[in-house]
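Residue numbers (the numbering used here), protein chains in the order written: chain X, 1440 to 1609; chain L, 39 to 305. Cβ atoms here follow ideal geometry from the backbone N, Cα and C, with glycine treated the same way. Below is one structure, written out as structure tokens; the observations come after it.
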Amino acid sequence: MNNKKGYIGAIGDDLPSLIPIFVGLTIFFAVFLNTYNVYRNNTDLYSLRNDAINISGIIKENPIISDQNQFIKSCNRVKTKYNWNAFIIPLDLNSENYNGLTIDDLEVENIMKHWAETESQPRKLICDSEGLGALRTALQTKDVTVYKYPITVQQQFYVEPAWIYIVVWK
Amino acid sequence: MQLIKIKTRKGQAAITDALFFLIIIVALSVLMFRYSSTYGNRIEQASSDLYYKEYTNSVLKTIFYVSAPLDFDLNLEKTKQNDYLMALVKQDYYAQGKLGFSDMNDLKTDNYLDIAKYNLFHTIKATMRPLESQDYLFYIFNNEDSNFLYFTIKNTHFEISEANPNSGVDAVRGVTRYILTENPYHYYLCDPESYEDVRAVVSRSPKIFSSSIPLSFTYNYSTYAQLGIKEDIVTSTFAMWPATVDINSDLLIPLNCKEVDPLSSNP
């Protein structure tokens, strides 16, 4: 009897030491999963933003956007796994007139208006003019990366400053 | 009796091992948690740095390729005459060995000889308009004579409010608060004596994004008696940094800056 004092079985005897092991494993896997998720989400975000920078690099490769064909050719050279679109709107040299762009402004006619009015041939400086609806929806429902840069567009008698918007989303 | 002792000690050894295991796991978890909590910030920082770097290149390219109206209306569509902005700048330098008619840190909107300077100032201001949180400078530096031909800087003004001892966490931590003043964005034209003065200002910012291009300028100093052409290599640099309290208007004094009046400078 003396030999069996306090003995409650093979598992029961190890129970006090099993508790810290299980607690430790639970903490470890919880933190590990959390770290993995943070890493994955942020790496995705970085990859998306990196692609946005690469897209802007391709489209802005020529310092002057000379015409619609050249612009569309640049758009077609973009290879990315993400959804994206890019378009160009005029830049007012008077900074007091600066207005940000709203979702309501994202109509083909609105974006085309300026380039159509100042040229004999109307131009669509939009990479995917059919995809503006999807872009509007994405802006309202998803995390979208929007990068904006100043560039220049060749007009008939002068080189006009403009904004290029690069919009990328998953 | 001997057997009981061994059994008891075995149990103690097992729980000690388990506790050591727990300590190691907790330490590892803390390390992982710290890594993951700062990883997002580092990624955010890295991608915004990439963006700002690309933006500085775009601003500089725009300055070099854009046209400018030959008046003070800042409207290319309605102007009667226009020319490339950099061609105007080079023409100024060719004729006078400097930009514009007025002093380097001054801008006159009633003298057509200041058109290049005026349009250069406003082109940079317009291209930087979306990034209000960034301050910037643009200069053209003559490497041959070691002097500046043009220098503009934007400086954001902050109001320093001392922590209120009767309220909030800030008072406890002794944090001083910096808030934007009512009209925080100030634009200057400057006439720095030396490059070191400029470096002393920008080095106060922990982070700076810059882009430079070397250019060739020609100055015709011919007189009736003698023909003289001088070729100068100049560097034009655009740099921007997140607006910081460490760069304030007092620090700009050595740069001989004059603020460009926002009312008189706009058309």
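- In this structure, L:Y150 lies away from L:K192, with their beta-carbon atoms at least 8 Å apart.
- Taking a cut-off of 8 Å on C-beta distances, the stretch 1560 to 1580 of chain X does not touch the stretch 81 to 96 of chain L, as fewer than three cross pairs fall below it.
- Here X:V1585 is exposed. Its C-beta has fewer than 16 other C-beta atoms within 10 Å.
- X:F1596 counts as exposed, since fewer than 16 other beta carbons sit within 10 angstroms of its beta carbon.
- Listed in chain order, the beta strand (DSSP E) elements of length 3 or more contained wholly in the stretch 1505 to 1588 of chain X are 1522 to 1529.
- In the three-state DSSP reduction, L:I271 falls in the strand class (E or B).
- Residues of chain X whose Cβ lies closer than 9 Å to the Cβ of L:E92 are, in chain order, I1492, S1495, G1496, K1499, Y1586, Y1588.
- Among the CB atoms of chain L, none fall inside 8 Å of the CB of X:S1505.
- Put simply, of X:S1568, X:E1569, X:V1606, X:T1591 the residue whose alpha carbon is nearest the alpha carbon of X:V1583 is X:V1606.
- By the neighbour-count definition (other C-beta atoms within 10 Å, threshold 16), X:F1461 is an exposed residue.
- Bridge partners of L:T194 according to DSSP: L:Y223.
- Taken through DSSP and simplified to helix, strand or coil, X:V1607 comes out as strand.
- Taking the C-beta atoms as reference points, X:Y1478 is found nearer than 8 Å to L:Y77.
- At a cut-off of 8 Å between beta carbons, X:F1510 makes no contact with chain L.
- With a cut-off of 8 Å on Cβ pairs, the stretch 1489 to 1498 of chain X is in contact with the stretch 1515 to 1535 of chain X, counting three or more such pairs.
- The beta carbon of X:F1467 sits closer than 8 Å to some beta carbon of chain L.
- Under the Cβ distance rule, L:N120 counts among the residues neighbouring chain X, one pair being separated by less than 8 Å.
- Neighbours of L:G78 in chain X, taken as residues whose beta carbon is under 9 Å from its own, are V1477, N1480, N1481, L1484 in chain order.
- With respect to X:L1532, L:H160 sits close: the two C-beta atoms are nearer than 8 Å.
- With respect to the 8 Å criterion, L:L169 and X:F1467 are not classified as neighbours on the basis of their beta carbons.
- Around the CB of X:A1577, 16 or more other CB atoms lie within 10 Å, so the residue is classed as buried.
- X:V1598 belongs to the set of residues whose beta carbon lies under 8 Å from a beta carbon in chain L.
- Judged by DSSP in its simplified three-state form, L:E115 adopts coil rather than helix or strand.
- Sequence-distant partners of L:L145 (beyond 5 residues in either direction) whose C-beta falls short of 8 Å from its own C-beta, in its chain, are G138, D152, K155, Y156, F159, L227, V298, S303.
- Around X:G1570, the same chain offers N1524 as residues with beta carbons nearer than 6 Å, after the five sequence neighbours per side are excluded.
- At a Cβ-Cβ threshold of 8 Å, X:S1534 and L:A164 count as neighbours.
- Contact annotation for L:Y233 against chain X: no contact, minimum CB-CB distance about 27 Å [criterion: below 8 Å].
- In the three-state DSSP reduction, X:V1592 falls in the strand class (E or B).
- In the three-state reduction of the DSSP assignment, X:V1477 falls in the helix class.
- L:V236 and L:F247 have their alpha carbons spaced roughly 15 Å apart.
- If you draw a straight line from the Cα of X:N1508 to the Cα of X:T1474, it is about 46 Å long.
- As computed with DSSP, L:D173 is found in a beta bridge with L:W279.
- Contact check for L:E182 against L:I271 passes: the beta carbons are separated by less than 8 Å.
- Annotated as distal: L:V239 and L:L187, with beta-carbon spacing of 8 Å or more.
- Beta-bridge partners assigned by DSSP to L:F247: L:M278.
- X:C1566 and X:V1598 have their alpha carbons spaced roughly 20 Å apart.
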